[in-house]
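Right, one structure below, let's go through it.
Structural data, given as structure tokens:
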């Protein structure tokens with residue numbers, strides 16, 4: 488019997504293809520977003536792989552994610568931007584670790600960080616364009632400029648966030664961002680970035696920026712708009728059939744009546760070791776997977792197993808592929824790709840191919 492064979496396979500070749508393609512297409516350096524366990528792909532595996540190939544700039548949401556990256560001693564030589572504000576009680580790790588760059592999301596946070604002894608070379612300023620999330624408000628810019636000039640401060644970077652705005656509004660915000668950077672002093676910022684993946688595709692290369700801040704595109708997942716066929720999915724969720732049962736003389740499957748599952752016409756059911764305890768939710772029931780290049784229906788998902796309607800051509804040990812093209816999953820599940828990937832938990836091993 489095949490046991491615990493289900494794994495998430497990460498294609499190193501496709502990962503490097505995507506990041507090189509983005510770097511060359513937009514003629515910008517890459518700030519790789521690896522928050523939420525690298526969108527479910529494994530934060531340590533992704534950062535280690537990219538670092539090995541010369542990519543040393545990463546972004547995470549939380550301090551705990553940055554701390555996880557540097558459990559690999561080699562990654563202490565990377566640069567990790569932390570998006571969320573860090574309270575004064577947690578500034579010591581930022582001060583101690585050369586890899587960590589903190590975001591300043593309010594003018595008072597800047598004063599607090601500098602008073603604590605955080606070097607401005609470990610600080611990136613976040614500007615708020617009114618998304619109700621975080622960032623220095625526009626009405627604080629005059630005071631910020633005076634403060635910067637008074638202490639002759641030079642920072643690791645400055646950035647903002649566009650996300651899904653109307654095109655005309657996006658152009659206005661890009662121009663406003665340029666004005667702000669020049670107002671504060673472009674020469675005071677080593678790194679300047681504005682666009683996430685979607686806005687990189689929408690607006691292309693912006694002259695004032697040094698980096699593009701991309702997450703989903705380096706993983707080859709594209710949630711909206713016209714997909715770029717040059718990008719390749721790096722993720723494969725695969726496993727092997729652990730057993731096949733003939734249901735002709737059975738009334739039940741797991742804890743369910745065959746009739747309730749509409750399995751009365753089903754002869755063979757295959758079991759694979761993945762369930763909602765792994766983050767493979769019951770929303771996947773009645774969707775399709777691939778076995779030997781053919782589609783078969785997933786009929787039931789329990790905590791530890793999934794059951795697939797098959798025919799006599801399918802054998803124990805055959806490979807099953809889930810989400811063969813994750814970018815087409817949203818209309819099927821009415822659920823974002825981010826949700827589908829990030830909920831796949833650590834019970835599923837990630838391996839680099």
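In the working numbering, the protein residues as written are 488 to 840. Heads up, the beta-carbon is just placed ideally off N, CA and C, and yes, glycines get one too. Nothing here was measured: the structure is a model prediction, and the numbers come from that model.
Legend entry - Cβ pair residue 544, residue 566 closer than 8 angstroms: yes
Legend entry - Neighbour flag for residue 594 against chain C, beta carbons, 8 angstroms: Absent from the structure: chain C. Only one protein chain is present.
Inset, instruction - Name the one or two DSSP bridge partners that residue 836 has. - result: 494
Legend entry - Short Cβ contact (8 angstroms threshold) for residue 683 with residue 701: At a Cβ-Cβ threshold of 8 angstroms, residue 683 and residue 701 count as neighbours.
Legend entry - Option nearest residue 611 by Cα separation, candidates 585, 531 and 569: 569
Legend entry - Distance CB(residue 615)-CB(residue 629) smaller than 8 angstroms: For residue 615 and residue 629, no; Cβs fall outside 8 angstroms.
Inset, instruction - Return the Cβ separation of residue 664 and residue 627 in integer angstroms, given the expectation that the two are a contact with Cβ distance under 8 angstroms. - result: In fact, because the Cβ distance is near 16 angstroms, the residues do not count as touching under 8 angstroms.
Inset, instruction - Report the residue from 550, 692, 598 and 497 whose alpha carbon sits nearest the alpha carbon of residue 523. - result: 550
Inset, instruction - Count the other CB atoms, across all protein chains shown, that sit within 10 Å of the CB of residue 658; report buried if there are 16 or more and exposed otherwise. - result: Here residue 658 is exposed: its Cβ has fewer than 16 other Cβ atoms, across all protein chains shown, within 10 Å.
Inset, instruction - Identify whether residue 595 lies in helix, strand or coil by the three-state DSSP scheme. - result: helix
Legend entry - Nearest neighbour of residue 687, chosen from 508, 504 and 491 [CA to CA]: Residue 687 has its Cα closest to that of 508, out of 508, 504 and 491.
Inset, instruction - Would you list the residues sitting across from residue 588 in a DSSP beta bridge? - result: 568
Inset, instruction - Kindly list the residues whose CB is nearer than 7 angstroms to the CB of residue 600, restricted to its own chain and excluding five residues on each side of it in sequence; keep chain order. - result: 578, 589, 591 and 610
Inset, instruction - Could you check if residue 670 is buried or exposed, using at least 16 other CB atoms within 10 Å of its CB as the buried criterion? - result: exposed
Legend entry - Alpha carbon of residue 758 to alpha carbon of residue 784, nearest angstrom: Their Cα atoms are separated by approximately 12 angstroms.
Inset, instruction - Give every residue of the same chain whose Cβ lies closer than 7 angstroms to the Cβ of residue 499, excluding the five residues on either side of it in the sequence, and list them in chain order. - result: Same-chain partners within the cutoff: 536, 839 and 840.
Inset, instruction - Return the Cβ separation of residue 837 and residue 497 in integer angstroms, given the expectation that the two are a contact with Cβ distance under 8 angstroms. - result: 6 angstroms
Legend entry - Cutoff 7 angstroms; reference residue 811; Cβ partners in own chain excluding five residues on either side: 777
Legend entry - Presumed contact (8 angstroms Cβ cut-off) between residue 813 and residue 722, rounded CB distance: 6 angstroms
Legend entry - Option in 598, 660 and 647 with minimal Cα separation from residue 635: Its Cα nearest to that of residue 635, the residue 598 stands out among 598, 660 and 647.
Legend entry - Pairwise C-alpha distance: residue 505 and residue 719: 7 angstroms
Inset, instruction - Between the Cα of residue 786 and those of 754, 622, 520 and 815, spot the shortest distance and give me the residue it belongs to. - result: 754
Legend entry - Near the ligand ZN: residue 719 beta-carbon under 7 angstroms from a heavy atom: The ligand ZN is absent from the structure shown, which contains no ligands of any kind.
Legend entry - Unbroken stretches of the alpha helix (DSSP H), 4 residues or longer, contained in the region 645 to 720: You should have 654 to 671 and 684 to 690.
Inset, instruction - For residue 795, collect the residues of the same chain with a Cβ closer than 6 angstroms to its Cβ; drop the 5 residues on either side in sequence, then sort them by chain order. - result: 757, 783 and 785
Inset, instruction - Would you tell me roughly how many angstroms separate the C-alpha atoms of residue 673 and residue 582, rounded to the nearest one? - result: 25 angstroms
Inset, instruction - Pull up the distance between the alpha-carbon of residue 773 and that of residue 793, whole angstroms please. - result: 11 angstroms
Inset, instruction - Closer than 8 angstroms by C-beta to residue 642: which residues in its own chain qualify, once you throw out the five before and the five after it? Chain order, please. - result: 607, 608, 610, 611, 612, 675, 676 and 677
Legend entry - When 558, 731, 780 and 631 are compared against residue 725, the one with the closest alpha-carbon: 780
Legend entry - Alpha-carbon to alpha-carbon, residue 538 and residue 503: 11 angstroms
Legend entry - Nearest neighbour of residue 649, chosen from 639, 632, 621 and 557 [CA to CA]: 621
Legend entry - residue 727 vs residue 797 beta-carbon contact at 8 angstroms: no
Inset, instruction - Report the option in 715, 832 and 603 whose CA atom is closest to the CA atom of residue 764. - result: 832
Legend entry - residue 831 in three-state terms, based on DSSP: coil
Inset, instruction - Report the rounded CA-to-CA distance for residue 761 versus residue 729, giving the unit in angstroms. - result: 10 angstroms
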